[in-house]
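S.K.: Below is the structure I would like to discuss, written out as structure tokens.
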Amino acid sequence: MLSSYSSIDNPNDVELTDHLHKSKRIDPSLAMQTSKNMEITLHQISNPEFRQLLAERIRALADPTRIHLLHYLMQQEFCVYELAERVQKSQATVSKHLAILYRHGYISKRKDGVQTFYYANNEGLQFFCKYMCNSMQEHLQQIADIGQTSVSRQEEDA
Numbered sequence: 814m815l816s817s818y819s820s821i822d823n824p825n826d827v828e829l830t831d832h833l834h835k836s837k838r839i840d841p842s843l844a845m846q847t848s849k850n851m852e853i854t855l856h857q858i859s860n861p862e863f864r865q866l867l868a869e870r871i872r873a874l875a876d877p878t879r880i881h882l883l884h885y886l887m888q889q890e891f892c893v894y895e896l897a898e899r900v901q902k903s904q905a906t907v908s909k910h911l912a913i914l915y916r917h918g919y920i921s922k923r924k925d926g927v928q929t930f931y932y933a934n935n936e937g938l939q940f941f942c943k944y945m946c947n948s949m950q951e952h953l954q955q956i957a958d959i960g961q962t963s964v965s966r967q968e969e970d971a
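Using my numbering, the first residue of the sequence shown is number 814, and each one after it goes up by one.
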């Protein structure tokens, strides 16, 4: 798919635009607006078609195996069988997950002979993952603090 777009600086722009154009639910003008200016504005979020696409893209991350794959792919590139060994899944399962991540623009791939190597292609993705991990850690700490407060109150009442 990307071979015909080899002169494009950012393959994600092409993939997003292609996805938007191929989807019968998405207005092509939204595709062009989104690919030219990746900053999300209040106007874009108010658009139900944009929200649908955004939800689909976020849903692509909502799988523990995909998160595990991204963990490795943000460090370096891997081929399918190397990833399958690391995440302890079959090559077929890993390939399906990689296809979803690729389709949504989270990873890129390159061919080297008969092998295909995958890698995370987006600094924003790394920032997002770090943010979510830190946020999760803070949330778990809040839960632990609430639990400690609850236990302390129970001990005081006894």
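Note that beta-carbon positions come from the ideal geometry of N, C-alpha and C, so glycine has one too.
Note that the structure is a prediction, hence the values are computed from the model and not measured.
Identify every residue that forms a DSSP beta bridge with residue 928.
M.R.: As a working mapping, residue 928 is identified with position 115 in the sequence shown. Paired residue(s): 925.
S.K.: Give the secondary structure of residue 957 by DSSP, where H, G and I count as helix, E and B as strand, and everything else as coil.
M.R.: Taking the first residue of the sequence shown as position 1, residue 957 is located at position 144. Three-state result, residue 957: helix.
S.K.: With DSSP collapsed to three states, give me the class of residue 897.
M.R.: Residue numbering aside, residue 897 sits at position 84 when the sequence shown is read from its first letter. Three-state result, residue 897: helix.
S.K.: Considering only their Cβ atoms, is the gap separating residue 894 from residue 901 smaller than 7 Å?
M.R.: Locating residue 901 in the sequence shown gives position 88, counting from the first residue. Locating residue 894 in the sequence shown gives position 81, counting from the first residue. Against a cut-off of 7 Å, the Cβ pair of residue 894 and residue 901 comes out as no contact.
S.K.: Measuring only the C-alpha atoms, how far is residue 890 from residue 924?
M.R.: As a first step, residue 890 is located in the sequence shown; it is residue number 77 there, counting from the start. As a first step, residue 924 is located in the sequence shown; it is residue number 111 there, counting from the start. Whole-angstrom Cα-Cα distance: 12 Å.
S.K.: From which residue to which residue does the alpha helix (DSSP H) around residue 905 run?
M.R.: Start at 1 with the first residue of the sequence shown, and residue 905 comes out as number 92. From DSSP, the alpha helix (DSSP H) with residue 905 extends over 904–916.
S.K.: Anyone know if the C-beta pair for residue 886 and residue 931 falls short of 7 Å?
M.R.: Position 73 of the sequence shown, counted from the first residue, corresponds to residue 886. Position 118 of the sequence shown, counted from the first residue, corresponds to residue 931. Against a cut-off of 7 Å, the Cβ pair of residue 931 and residue 886 comes out as a contact.
S.K.: I'd like to know if the segment 948–960 and the segment 870–879 are in contact, where contact means that at least 3 CB-CB pairs between them fall below 8 Å.
M.R.: No, the segment 948–960 is not in contact with the segment 870–879.
S.K.: What does the alpha-carbon distance come out to for the pair residue 962 and residue 955?
M.R.: Here residue 962 is taken as the residue at index 149 of the sequence shown, counted from 1. Here residue 955 is taken as the residue at index 142 of the sequence shown, counted from 1. Straight-line Cα distance between these residues: approximately 10 Å.
S.K.: What three-state label does DSSP hand residue 868 in the structure shown?
M.R.: The sequence position of residue 868 within the sequence shown is 55, counting from 1. Helix, per DSSP.
S.K.: With residue 873 and residue 944 assumed to form a contact (beta carbons below 8 Å), what rounded beta-carbon distance in angstroms separates them?
M.R.: Within the sequence shown, numbered from 1, the residue matching residue 873 stands at position 60. Within the sequence shown, numbered from 1, the residue matching residue 944 stands at position 131. Not quite, the Cβ-Cβ distance comes to about 17 Å (not below 8 Å), so this is no contact.
S.K.: Let me confirm a value: residue 927 is counted as buried when at least 16 other C-beta atoms fall within 10 Å, else exposed. Which label applies?
M.R.: Numbered from its first residue, the sequence shown carries residue 927 at position 114. By the 10 Å Cβ count, residue 927 comes out exposed.
S.K.: Name the one or two DSSP bridge partners that residue 920 has.
M.R.: Taking the sequence shown and counting its residues from 1, the one referred to as residue 920 is at position 107. According to DSSP, residue 920 bridges with 933.
S.K.: At which residues does the alpha helix (DSSP H) containing residue 883 begin and terminate?
M.R.: Sequence index remark: in the sequence shown, residue 883 carries index 70 (1-based). Start and end: 877–886.
S.K.: Please classify residue 837: is it buried, with 16 or more other beta-carbons within 10 angstroms of its beta-carbon, or exposed?
M.R.: Taking the sequence shown and counting its residues from 1, one reaches residue 837 at position 24. For residue 837, the pLDDT reaches just 39, beneath the cut-off of 50, and the residue's location in the model is therefore unreliable, leaving the point undetermined.
S.K.: Who pairs with residue 891 in a beta bridge, going by DSSP?
M.R.: Looking up residue 891 in the sequence shown gives position 78. Its beta-bridge partners are 931.
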